[in-house]
Amino acid sequence: MATETALITKGRALLLALSIGLTACTGVITLSEEEPYSKMIGQCYEVQQPMYIRENICWELGGLILTPGSSKDCFKATVYEVEMKSRLVIVDVRRKGWGSAGFCPQAVVSLEGVDIPSREIFIPLCLSAVQISWLEDPLWQRGDEIRLKKEYVLPCEFSD
Numbered sequence: 001m002a003t004e005t006a007l008i009t010k011g012r013a014l015l016l017a018l019s020i021g022l023t024a025c026t027g028v029i030t031l032s033e034e035e036p037y038s039k040m041i042g043q044c045y046e047v048q049q050p051m052y053i054r055e056n057i058c059w060e061l062g063g064l065i066l067t068p069g070s071s072k073d074c075f076k077a078t079v080y081e082v083e084m085k086s087r088l089v090i091v092d093v094r095r096k097g098w099g100s101a102g103f104c105p106q107a108v109v110s111l112e113g114v115d116i117p118s119r120e121i122f123i124p125l126c127l128s129a130v131q132i133s134w135l136e137d138p139l140w141q142r143g144d145e146i147r148l149k150k151e152y153v154l155p156c157e158f159s160d
């Protein structure tokens with residue numbers, strides 16, 4: 001009985017170590033409470049062109065992706081069509097591991113009138129997909145501001 005208990009304890013320790021190791025390699029860190037990202041939380045933006053919420057196959061970008069219709073990179077089916085002038089709010093800013101040593105910023109958004117249960121919507125910000133990134137400066141590092149391309153969104157107060 002003591003041997004079985006020891007094996008179970010070692011097995012649990014191995015699973016814990018493995019899960020911690022995997023999290024360290026592929027983990028997601030929230031940046032929402034750090035400067036300058038805390039200022040982004042709750043910020044309203046207005047979409048400047050028709051967009052689509054699409055299924056995503058590029059792991060580092062997040063779950064569902066809000067993107068203009070012209071790009072086929074990283075995307076599968078369209079889940080929802082978003083009209084120009086729709087409003088979005090940034091609800092979380094994260095950093096996600098990418099590759100062996102890289103990191104991608106992520107912004108989780110909510111859109112007025114859009115409810116997709118149990119799914120998060122992201123805007124693409126990663127250098128891994130620079131052709132679809134919304135970042136003004138694609139060479140982002142933690143601590144850098146996230147400035148979004150004006151061709152995609154403008155702050156609500158400037159677009160009214």
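In terms of this note's numbering, the numbers along the sequence shown are unbroken and rise by one, the last being 160.
For glycine and all other residues, C-beta sits at the position ideal for the given N, C-alpha and C.
Using the rule of at least 16 other Cβ atoms within 10 Å of the residue's Cβ for burial, across every protein chain shown, is residue i buried or exposed?
i: glutamine 177; result: This structure does not reach residue 177, given that the chain is present from 1 up to 160, and the question cannot be answered.
i: methionine 51; result: buried
i: threonine 67; result: buried
i: methionine 40; result: buried
i: serine 86; result: buried
i: serine 38; result: exposed
i: arginine 54; result: buried
i: isoleucine 29; result: exposed
i: glycine 21; result: Confidence at glycine 21 is low in this model, with a pLDDT of 44, below 50, so the placement of that residue should be treated as unreliable; the coordinate-derived value is given next. Exposed, because fewer than 16 other Cβ atoms sit within 10 Å of the Cβ of glycine 21.
i: arginine 94; result: buried
Quick check on residue i: does DSSP put it in helix, strand or coil?
i: serine 110; result: strand
i: tyrosine 152; result: coil
i: leucine 66; result: strand
i: glycine 143; result: coil
i: leucine 125; result: coil
i: glutamate 34; result: coil
May I have the straight-line CA-CA distance separating residue i from residue j, to the nearest angstrom?
i: valine 89; j: glutamine 141; result: 23 Å
i: valine 130; j: aspartate 144; result: 17 Å
i: glycine 164; j: glycine 27; result: The first residue shown for the chain is 1 and the last is 160, placing residue 164 beyond what the model contains.
i: tyrosine 80; j: glycine 99; result: 30 Å
i: methionine 84; j: proline 138; result: 24 Å
i: isoleucine 57; j: glutamate 35; result: 30 Å
i: aspartate 115; j: glutamate 33; result: 25 Å
i: glycine 113; j: glutamine 43; result: 17 Å
Out of the options, state which residue places its alpha-carbon closest to the alpha-carbon of residue i.
i: leucine 127; options: Lys96, Glu46, Val109, Val108; result: Lys96
i: proline 117; options: Ile146, Leu64, Val47; result: Leu64
i: phenylalanine 75; options: Ile132, Lys150, Cys44; result: Ile132
i: cysteine 104; options: Pro155, Pro124, Gly69, Val91; result: Pro124
i: leucine 111; options: Glu157, Gln49, Trp134, Val82; result: Val82
If you follow the beta strand (DSSP E) that residue i is in, where does it begin and where does it stop?
i: arginine 94; result: 87-98
i: methionine 51; result: 51-56
i: glutamate 81; result: 75-82
i: valine 28; result: 28-30
Measuring from the CB of residue i, is there a heavy atom of the ligand ADP at a distance below 7 Å?
i: tryptophan 98; result: This structure does not include the ligand ADP; it has no bound ligands of any sort.
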